[in-house]
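Numbering (my numbering), first residue to last: 91 to 713. Heads up, the beta-carbon is just placed ideally off N, CA and C, and yes, glycines get one too.
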Amino acid sequence: MKYEIIVVGGGHAGCEAAYACATKGHKTLLMTSNIKNIADMPCNPHIGGSAKGIVVREIDALGGIMGKIADKTHLQIKMLNSAKGPAVQSLRAQGDKVTYPKEMLDTLYSLENLTIQEGMVEDLIVDNQQVKGIILEDGTKIESEIVILTTGTYLKADILVGNTRTRKGPHDERPSNFLSDKLKEYGFKVIRLKTGTPQRIDRKSIDFSKTKLEPGDNKYYTFSYDLEPCYKIEEQEPCFLTYTTPETHQIIRDNLNKSSMYGALDDIEGIGPRYCPSIEDKVVRFSDKEKHQLFIEPESRYYDDMYLQGFSTSMPPEVQEKMVHSLPGFENAKILKYGYAIEYDAIYPTQLNASLETKIIKNLFTAGQINGTSGYEEAACQGLMAGINACLKLEGKEPLVLKRSDAYIGVLIDDLITKGIRDPYRLLTSRAEFRLLLRSDNADLRLRRKGYEVGLISEEQIDRLNKKEEEIASLLEYMKENKLKITPEVRTAFESNNYQVPTASLSLEQLVKRPELNMEFLRSQIEIPYSVDIQEQVEINLKYEGYIAKAYKEAEKMLKLEKKQIPEDIDYDKVNNIASEARQKLKEVRPTTIAQAIRISGVNPADISILSVYLKKEYGKDE
């Protein structure tokens, strides 16, 4: 049987890719080693977090499904950094490890253009540097026009615990032992990475009186712009907070040589995540700290496993027992599953185009942890973009490439293909130079029309967006035209909040621009039309008007540089006088624009000037 698109791997990247391709009407095969593990969450089942929650909203705005599934299945949800500015606010939901995969699988099964099949892919069908399908371990060949690899951590995966190394993936699944070797044969640079996970603890064995309660927010939220909240605030599952102790740290120091990462295994090649280190790394690297915070989070409503966030380790079980029992509230804790590290193969991401199509083999796309990222959200957004661009290529259309000023998704992909990686890549708000533009509240305003253009957003969804934009504009005008009359009651309200009382009636616009005032206070004094969501959007626009305008101006400068194309066939060996490191990096990354070239580590402004002069001379391109 022949398909238009084959997606290899049923993790979060594979699910989004398959959903996008099938929804757009293309005959799609999702090939997975185990259907029961589709949309699996081998680590903490949470969705979102700092920057990551914004990505989930961007996925939804473009027409993906992670946000919708999370909204239907989460145990708890909260807005992180709510006391800080809007640029760093982001949703985080504690998901349900049972219902999230089930809901995802049900959604995928409902797609008429999608076939889901079990099998282990061990090679590709390649003809003249163009992919033509896949080859299963039993020799079966399945043809397709495009293949999207989303293999996660399953390429030559090894589980590491103490001095043991076992060739298997999460949940003791069989890994793919040969596909990464085949990719090497095709010319790909393959690297070794590592990540880890902590213990799962029996809820009934924890003394929560010695921990701090971390409830969900007392306000309704959704990731999706299309769903109403489908949970009750009072029925959210609680999370908890505890800390390591000096005893914990001493146990770790006394047993460091038993950790896979610190001497128990001498053949570890993989580099672990810088921003999600093991507890061994924390104790060694931050030796001056007396304690580290640990979050205790439920994995499901249907069983008692609690995830000990921040305590990942590769210590042997007997040491993990001592470590866990040294924590407040865990003196009698029962470990249901021990922590472990996992080492796996990935391709170096500078071998990708901005569309996520590989530079080495045509019509082959890759997405997710195979590209060197960590996290469900980073994987899902890549899967969505790979799926969209695979479809657009089939349709003979230009790829959808999001700029750094468009979305965190654009930041992520640009970082991967331009800068490469040293350790598993994690999204952070600090990576986005235009983060005031890339907020959680405006993902639909930024991206929904792009989703409509590629065929994943409906007319009805666009109508709702148009209405929202009209209401924002109308309320902005209302705020300019209407004033707050300083009555005795209003004066009292100002004074009771220690706000400076206006000497005259001021417009609502002028008032909300005051640092100490907000729309919530104004609502208590005067009736304001439109929903709270619209009001909050207007408040951000007014309070940060100057900063937003400045950010747009900077984005326009970058956009001009993005328009300065670099020919695909340029021979960098003919560009005289650029530094040898810059020449090497330019040949490796092969940037498509001057803006991308500027962002390459090792390429300095002098190199850019020389390159610009060369382009003008040889290609007639203005610098």
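Going by beta carbon distance, what residues of the same chain come within less than 7 Å of residue i, once the five residues before and after it are set aside?
i	result
Asp697	Ile668, Ala669, Ala672
Val693	Ala672, Lys675, Leu676, Ala687
Lys633	Val602, Lys603
Leu273	Val280, Ile437
Glu337	Ser416
Val373	His339, Ile342, Arg343
Comparing C-alpha positions only, which one of the options sits nearest to residue i?
i	options	result
Ile690	Ser595, Thr241, Gln219, Ile511	Ile511
Gly209	Thr243, Asn218, Asp196, Thr230	Thr230
Ser390	Gly185, Gly153, Lys575	Gly185
Arg680	Pro657, Tyr109, Lys664, Ile700	Pro657
Leu555	Lys158, Arg539, Met569	Arg539
Ile128	Ala444, Thr189, His116	Thr189
Lys258	Tyr311, Ser123, Lys162, Leu152	Ser123
Thr312	Glu488, Leu239, Asp356, Ala160	Ala160
Gly100	Leu518, Ile369, Thr240, Glu324	Thr240
Leu181	Lys222, Met648, His136	His136
Thr256	Ile432, Glu560, Glu708	Ile432
Gly541	Leu165, Ile552, Thr243	Ile552
Asn453	Gly223, Ser299, Ile369, Gly473	Gly223
Val97	Leu214, Asn134, Lys174, Gln166	Leu214
Ala533	Phe584, Ile684, Arg147	Arg147
Ala641	Ala685, Ala177, Asp663	Ala177
Leu355	Ser377, Tyr310, Ile323, Gly252	Gly252
Cys105	Met121, Glu324, Thr254, Val211	Met121
Ser402	Tyr704, Glu327, Thr285, Pro439	Thr285
Gly153	Tyr515, Lys707, Met475	Met475
State the DSSP-derived secondary structure class of residue i, mapped to helix, strand or coil.
i	result
Val97	strand
Ile552	helix
Ser368	coil
Ile386	strand
Ile167	strand
Thr205	strand
Glu263	coil
Met49	In this structure the chain extends from 91 to 713, so residue 49 is not present and cannot be described.
Glu713	Low local confidence applies: a pLDDT of 46 at Glu713 is under 50, so the model's placement there is unreliable, and no value is given.
Gln410	helix
Val491	coil
Ala436	strand
Ala533	helix
Tell me the rounded alpha-carbon separation between residue i and residue j.
i	j	result
Val409	Arg290	15 Å
Gln674	Lys412	50 Å
Gln441	Lys246	20 Å
Thr577	Glu380	54 Å
Cys111	Asn267	27 Å
Leu170	Ser621	22 Å
Ile562	Glu571	14 Å
Thr118	Asn203	6 Å
Ile358	Met609	55 Å
Asp394	Lys294	7 Å
Ser597	Met569	7 Å
His261	Tyr428	12 Å
Asn479	Pro619	41 Å
Pro367	Ala497	27 Å
Ser270	Asp659	28 Å
Lys302	Gly419	10 Å
Gln625	Cys320	23 Å
Asp217	Ser234	12 Å
Ile238	Ile206	14 Å
Gln219	Ile451	5 Å
Leu490	Ile499	12 Å
Val145	Lys424	36 Å
Asn587	Glu599	19 Å
Gly710	Lys483	29 Å
Please return the same chain residues whose Cβ sits closer than 8 Å to the Cβ of residue i, not counting the five positions on each side in sequence.
i	result
Leu607	Tyr589, Leu601
Cys481	Ile95, Ala110, Cys111, Lys114, His116, Val544, Gly545
Tyr637	Leu526
Between which residues of its own chain and residue i is the CB-CB distance below 6 Å, once the five residues before and five after are set aside?
i	result
Ala645	Ser495, Phe524
Arg521	Val501
Thr335	Ser416
Closer than 7 Å: is that where the CB of residue i sits relative to any heavy atom of the ligand GTP?
i	result
Glu148	Questions concerning the ligand GTP fall outside what the structure shown contains, since it holds no ligand whatsoever.
Verify the CB distance criterion: does residue i have a CB-CB separation below 8 Å to chain D?
i	result
Thr287	Looking at the structure shown, chain D is missing, and only one protein chain is on hand.
*Within the segment 101 to 158, note down every full alpha helix (DSSP H) run reaching 4 residues or more, in order along the chain.*
If we require 4 residues or more, the alpha helix (DSSP H) runs fully inside the segment 101 to 158 come out as 102 to 113, 142 to 152.
*Could I get the ranges of all uninterrupted alpha helix (DSSP H) runs contained in the segment 565 to 589, with 4 residues as the minimum, in chain order?*
As far as the segment 565 to 589 is concerned, its whole alpha helix (DSSP H) runs of at least 4 residues are 578 to 586.
_Sequence ranges, alpha helix (DSSP H) only - wholly within the segment 631 to 699, length at least 4_ = 635 to 652, 670 to 679, 684 to 688
*For the segment 453 to 494, which segments carrying the beta strand (DSSP E) assignment without a break, of at least 3 residues, lie completely within its bounds, in sequence order?*
Fully enclosed beta strand (DSSP E) runs of 3 or longer: 454 to 456.
_Quick check for students: name the residue ranges of the alpha helix (DSSP H) that lie wholly in the segment 239 to 308, counting only runs of 4 or more._
269 to 275
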